[in-house]
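Presented below is the structure to which this report refers.
2 protein chains.
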Amino acid sequence: MAKPKVFEKPTGLKDYLPNAVRKLRHIERSVLDCMNGWGYRQMITPTLEYYDTVGAASSTSDAKLFKLLNHRGQTLVLRSDVTAPIARVVSSLLKEAPFPLRISYHANVFRAFEEEAGRDAEFFQTGVELVGDPSPEADAEVVALAIASLKAAGVKQFKVAIGHVGFLKGLLDETLPGREDAQSQLKDCLLGRDYVGYRELLRKLSLTEAAQSELEAILRLRGGQEICAEALKLSANETARASIGHLCEIWNALAEYGVSEHVLIDLTMIGDFSYYTGMTFEGYASDLGFPVASGGRYDNLLAQFGRPAPATGFALKTNRILELLGEDEECADKRVLLMYDGAGRQAALAEAQRLRAEGSIAVTERRSGEFGEPAQTANGTFIYRGNEYSQFEFYGGEEGRTSR
Amino acid sequence: MAKPKVFEKPTGLKDYLPNAVRKLRHIERSVLDCMNGWGYRQMITPTLEYYDTVGAASSTSDAKLFKLLNHRGQTLVLRSDVTAPIARVVSSLLKEAPFPLRISYHANVFRAFEEEAGRDAEFFQTGVELVGDPSPEADAEVVALAIASLKAAGVKQFKVAIGHVGFLKGLLDETLPGREDAQSQLKDCLLGRDYVGYRELLRKLSLTEAAQSELEAILRLRGGQEICAEALKLSANETARASIGHLCEIWNALAEYGVSEHVLIDLTMIGDFSYYTGMTFEGYASDLGFPVASGGRYDNLLAQFGRPAPATGFALKTNRILELLGEDEECADKRVLLMYDGAGRQAALAEAQRLRAEGSIAVTERRSGEFGEPAQTANGTFIYRGNEYSQFEFYGGEEGRTSR
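Residue numbers (my numbering), protein chains in the order written: chain A, 3 to 406; chain B, 3 to 406.
Encoded structure:
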């Protein structure tokens with residue numbers, strides 16, 4: 003195997019140059035400030051966790067977990083999300099803290115290299131968990147906060163699609179009782195948004211006409227509040243009906259948050275069945291084909307860490323938002339170049355200190371024959387050694403201070 | 003081997019609860035803002051790098067590198083510093099960018115578990131690199147910025163000790179020519195601050211009296227500007243004298259920055275010889291026995307990535323500063339609890355939105371018989387389900403709005 007070239011970095015990993023960092027930090031700061039305003043307090047957990055605990059409990063499939071061995075031969079993972087680590091902390095360090103707990107985070111997470119897919123092996127998520135509240139109000143709160151967070155991040159046009167894993171579960175138990183293989187094939191089609199495959203599979207399953215038309219109807223259950231009424235007509239199954247009832251209450255609360263324009267119900271949107279236990283949602287920006295936020299209720303996770311509790315939350319896919327918004331323009335901050343010779347140094351350094359204290363960016367450089375003088379551009383700025391400055395001042399022995 | 007318990011995390015790794023995160027984020031933000039004011043622009047590099055490139059080039063000893071294998075069998079490392087990754091980027095993505103480059107970062111870095119020492123396996127560093135400028139002015143700039151950064155972080159009392167690897171190198175070449183074992187043993191004593199061991203070793207080396215007294219004298223070379231003159235008297239070696247000359251120029255520049263009160267010269271402070279090539283420095287807070295900042299000139303690193311260039315920089319040991327400052331008091335932000343019943347929900351949610359827009363923290367909760375009413379404390383705040391609020395309002399059908 004060839005050694006990597008000196009300038010190479012491992013596949014799927016990124017360097018963020020200053021303009022990208024500036025925008026990324028702005029998103030991070032705005033979103034965390036927004037979450038803070040809703041009473042969510044920030045936590046930081048380690049990059050490395052045990053595979054047997056957090057790794058096994060996470061919603062990431064085993065093949066996508068980035069695994070490594072420690073000195074003792076224990077298997078560790080690079081965290082693939084922050085939800086499972088927070089569940090660990092809520093069940094240990096915070097085990098005496100009363101519910102509900104409102105927690106936020108911004109962190110890098112990892113996926114084992116998906117080289118062919120060209121996907122990122124490391125990316126950022128900014129999210130919240132609301133632990134200890136089973137109510138539709140709690141679900142509505144995290145959806146409303148996801149909407150507020152997307153706005154805070156600067157995403158202009160987006161929709162949040164909400165669904166409920168219980169509806170399809172009830173429908174499948176009713177129409178395909180005990181046929182778990184068929185159930186899981188149908189779920190996989192919906193997860194992959196393969197509606198053609200879903201319909202084909204339905205035809206092959208030799209269901210009663212009623213059952214087939216019921217399962218086909220779910221594909222049409224996307225829209226506004228009217229979908230709740232339609233869904234209730236569709237199924238007599240108790241789980242399915244209770245799920246729709248919960249979803250209707252979430253919808254009503256979201257209407258009172260004043261965010262209905264951003265929300266639609268989509269009962270084909272089911273999320274990961276082994277993880278989510280109730281409402282699930284995804285946020286789509288109009289310009290992107292993939293979600294910029296995802297979340298839902300996961301009432302079974304905390305029990306795996308010894309403190310059973312209902313929980314709901316979401317994560318923004320921060321890198322996708324960064325791509326969506328594009329990199330920042332060159333910053334508009336006032337950048338001043340203060341050049342000096344030996345005699346002018348002290349004055350230049352003092353002026354730099356003054357400028358920084360008032361919020362400007364001040365760069366000091368000793369005049370060097372090698373590099374010449376700053377060149378003034380057509381728009382009045384100055385270029386010196388590749389950097390652009392809005393102002394240039396020289397501090398020198400004979401000339402004293404010269405400002406341009 | 004026993005499986006880890008569900009609530010365990012790997013040794014040496016930390017969870018940061020909200021009060022600690024609040025303080026950590028405050029340090030991070032203040033220091034990065036300070037660095038930005040000096041013209042340093044922030045970069046983010048990946049957590050994982052190739053062992054053969056960045057791993058080998060880093061200043062961390064091999065045994066302390068956290069290694070893992072990727073799917074292709076290549077050895078990766080969890081970054082142990084950000085200086086080597088930035089050298090990689092400066093030599094690749096930024097290879098056309100003219101010098102000098104001013105770059106800042108805030109990142110978590112890793113050390114292979116040092117379990118017995120009880121040390122952190124993951125911790126934060128906040129630092130800068132000034133690439134492409136060999137002058138004493140550049141060294142003075144990073145020392146002055148380290149001082150400004152420590153102040154921005156909130157460290158009240160500290161000293162920065164500056165030294166130069168060239169002085170000891172010159173002295174050793176003069177007094178122990180060709181005796182590399184003895185030279186490296188003496189260096190190790192100084193690195194470990196084992197001055198007793200250093201003196202003992204000197205006696206065993208059967209040096210001339212003049213050589214022994216010269217090498218012993220270095221232990222006394224700690225203080226202000228007068229140390230430069232004393233050091234020049236001590237050695238006729240050209241490398242040693244040139245190093246002192248460079249250090250004197252740094253000292254003079256730091257005097258013009260107006261920061262002399264924080265600086266002392268310490269010629270026993272040599273840093274890692276295989277990495278640093280000139281001035282080195284460490285910042286000590288008066289309350290701590292270990293450094294809170296360290297840095298220096300490393301003119302050989304960039305060449306390893308194919309773009310030879312002089313460079314100087316430093317990193318704050320952000321976690322140590324966090325320990326030094328202690329965790330933040332409970333935040334003084336106005337936290338308002340808005341409780342509602344079904345009829346009052348819309349009004350409560352609207353008021354929460356208004357409060358958040360003006361910068362307050364607003365938490366909404368549906369009234370639940372299960373948890374009773376908020377209890378008012380002696381100092382006038384309200385406690386509800388373990389959280390403290392400065393204000394409590396109820397929005398209900400019959401009562402309308404009740405504010406306390």
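Quick reminder that beta carbons are idealized off the backbone N, C-alpha and C, glycines included.
- By the criterion of a C-beta distance shorter than 6 Å, Asp335/A is surrounded in its chain by Ile363, once the five residues flanking it on both sides are discounted.
- In the displayed model, Ser32/A falls within a helix according to three-state DSSP.
- Per the coordinates, the alpha-carbon of Pro20/A lies some 16 Å from the alpha-carbon of Arg31/A.
- The beta carbon of Leu357/B sits closer than 6 Å to the beta carbons of Val338 and Ala364 from its chain, once the five residues preceding and following it are set aside; these are given in chain order.
- Bridge partners of Met45/A according to DSSP: none are assigned.
- For chain A, the residues of the segment 5-18 of chain B that bring a beta carbon within less than 7 Å of one of its beta carbons are Lys5, Pro6, Val8, Phe9, Glu10, Lys11, Pro12, Leu15, Lys16, Asp17 and Tyr18, in chain order.
- Across the structure, Leu188/A and Ser276/A are spaced so that their CA atoms are roughly 15 Å apart.
- In the structure shown, the three-state DSSP call for Asp301/A is coil.
- Comparing alpha carbon positions, the residue from Ser186/A, Ser60/A and Glu124/A closest to Thr320/A is Glu124/A.
- Cβ proximity to chain B below 8 Å picks out Ala255, Glu258, Tyr259 and Gly260 from the segment 247-277 of chain A.
- For Lys161/B, same chain residues with a beta-carbon under 8 Å away, outside a window of 5 residues either side, are His264, Val265, Leu266, Gly285, Tyr286 and Ser288 in chain order.
- DSSP places Ser61/A outside both helix and strand once states are collapsed to three, so it counts as coil.
- Taking the Cα positions, Leu209/A is about 45 Å away from Arg347/B.
- The C-alpha of Phe316/A lies about 37 Å from the C-alpha of Val294/B.
- Rounded to whole angstroms, the gap between the alpha carbons of Tyr397/A and Arg403/A is 5 Å.
- Between Gly371/B and chain A, the shortest Cβ-Cβ separation is not below 8 Å.
- Pairing Leu217/B with Phe292/B, the inter-Cα distance amounts to about 25 Å.
- With respect to the C-alpha of Arg104/B, the residue from Thr379/B, Thr279/B, Ser61/B and Asn38/B having the closest C-alpha is Asn38/B.
- A residue is called buried once 16 or more other Cβ atoms fall within 10 Å of its Cβ, and Val91/B is buried on that count.
- Of the candidates Leu170/A, Ala354/A, Lys158/A and Ala242/A, the residue whose Cα lies closest to the Cα of Glu367/A is Ala354/A.
- At the C-beta level, Gly129/A and Ser106/A come within 8 Å of one another.
- Apart from the 5 residues on each side of it in sequence, Thr314/A sits with its Cβ closer than 6 Å to the Cβ of Leu132, Ala140, Asp141, Val144 and Arg299 in its chain, given in chain order.
- Within its own chain, the residues whose Cβ lies closer than 6 Å to the Cβ of Glu390/A, once the five positions on either side in sequence are excluded, are Thr383, listed in chain order.
- DSSP places Lys5/A in the coil class of the three-state scheme, outside both helix and strand.
- Classified as exposed, Lys235/B has fewer than 16 neighbouring CB atoms from the shown chains inside 10 Å of its CB.
- Put simply, the backbone Cα of Met271/A is about 19 Å away from that of Asn239/A.
- About 7 Å separates the beta carbon of Ser82/A from that of Lys66/A, a gap short enough to meet the 8 Å contact definition.
- In the same chain as Gln159/A, and ignoring 5 residues on each side of it, the C-beta atoms closer than 6 Å to its own belong to Ser288, in chain order.
- In the structure shown, Asp122/A falls within a coil segment according to DSSP collapsed to helix, strand and coil.
- Contact annotation: in the segment 64-86 of chain B, residues whose CB is within less than 9 Å of a CB in chain A are Phe68, Lys69, Leu70, Leu71, Asn72, His73, Arg74, Gly75, Gln76, Leu78 and Leu80.
- Thr49/A has a beta carbon lying within less than 8 Å of a beta carbon in chain B.
- Following the DSSP letters along the chain, one finds Glu139/A inside the alpha helix (DSSP H) bounded by residues Pro138 to Ala155.
- At least one CB of chain A lies nearer than 8 Å to the CB of Phe307/B.
- For Val261/B, no beta strand (DSSP E) encloses it, and the DSSP letter there is neither H nor E.
- Counting only residues of its own chain and dropping the five nearest sequence neighbours on each side, Phe394/A has a CB closer than 6 Å to the CB of Leu339, Pro376, Phe384 and Arg406.
- Secondary-structure assignment with DSSP links Thr282/B through a beta bridge to Gly165/B and Gly298/B.
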